[in-house]
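Please read the structure below before turning to the comments.
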Ligand code: GLN
């Protein structure tokens with residue numbers, strides 16, 4: 059009998075930019091390949107769904123307009139989401155989703171869209187859009203994510219993340235939100251090519267579209283391992299998959315990022 063995990067996909071109609079849905083497909087397939095049944099629940103505005111039986115939540119990126127459409131509904135779920143995040147709920151939030159898991163996103167028109175403050179950070183639109191291929195090094199930061207005591211067998215096969223960014227927002231991390239990693243190539247949180255993303259407990263935010271997980275399978279497995287441990291209190295024994303296609307995509311994205319010019323318009 060396969061073990062089961064449940065993923066709640068927030069606002070798939072309004073918050074899904076640059077292929078973010080590929081993250082859901084990756085988690086679904088990688089769970090299937092590990093004989094884990096992943097149930098996907100879509101949460102749309104006004105859907106009344108509790109999170110007690112949910113193991114992973116996902117919120118994709120969105121244009122300013124999309125963020126405004128869902129902000130009030132997300133705010134109405136803030137306490138429930140934060141309560142479960144404190145208990146180790148795994149979350150992956152991309153760009154506009156990452157911004158609204160912070161305190162707020164202030165648009166270029168000075169309109170402040172409220173966030174739910176899972177992450178101790180805030181975002182303000184800069185004068186230019188930050189667009190381009192990104193390479194992130196998580197070697198140092200990942201040491202904080204994985205409680206090695208509970209995961210003696212799980213060793214991430216890689217520590218680089220590749221993806222694509224397109225955002226006006228510049229995100230400032232507070233003391234209680236650690237960066238996902240260091241920028242090797244690209245603009246990152248503040249456009250200064252220093253840090254990218256944010257981490258709080260098992261909640262992860264990133265500007266990396268692309269989508270993120272297909273080209274970074276080790277990170278998908280990391281999220282699955284965290285969710286599995288929280289649900290079953292044992293380390294998941296992931297067997298080795300043939301990731302040759304994923305790794306060649308990762309390598310191609312690395313090469314593209316290393317040779318491309320970053321554009322800010
Ligand atoms: N609207 C937000 C910004 O421009 C987020 C964009 C996105 O999700 N790609 O920063």
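Numbering (my numbering), first residue to last: 59 to 323. The C-beta atom is built at its ideal place from N, Cα and C for all residues, glycine as well.
First through last residue of the beta strand (DSSP E) which encompasses residue 211: Careful: residue 211 lies outside any beta strand (DSSP E) and carries neither H nor E.
C-alpha gap between residue 121 and residue 75, whole angstroms: 8 Å
Pairwise C-alpha distance: residue 105 and residue 203: 31 Å
Backbone CA spacing between residue 71 and residue 151 [nearest angstrom]: 15 Å
Rounded separation between residue 233 and residue 177 - CA only: 10 Å
Any non-hydrogen atom of the ligand GLN closer than 6 Å to residue 308 Cβ: no
Among 166, 117, 163 and 60, nearest to residue 92 - alpha-carbon criterion: 60
Other residues of its chain near residue 78: CB distance less than 7 Å, five sequence neighbours each side excluded: 118, 119, 152, 267 and 269
Residue closest to residue 211, alpha-carbon to alpha-carbon, out of 284, 116, 140 and 97: 284
Which residues DSSP lists as bridging residue 62, in chain order: 95
CB contact flag (residue 181, residue 227, <7 Å): yes
Per DSSP, cross-strand counterpart(s) of residue 194: 219 and 241
Sequence-distant residues of the same chain with beta carbon closer than 6 Å to residue 109, five excluded per side: 138 and 142
First through last residue of the beta strand (DSSP E) which encompasses residue 172: 170-172
Pair within 7 Å by beta-carbon distance, residue 289 and residue 146: no
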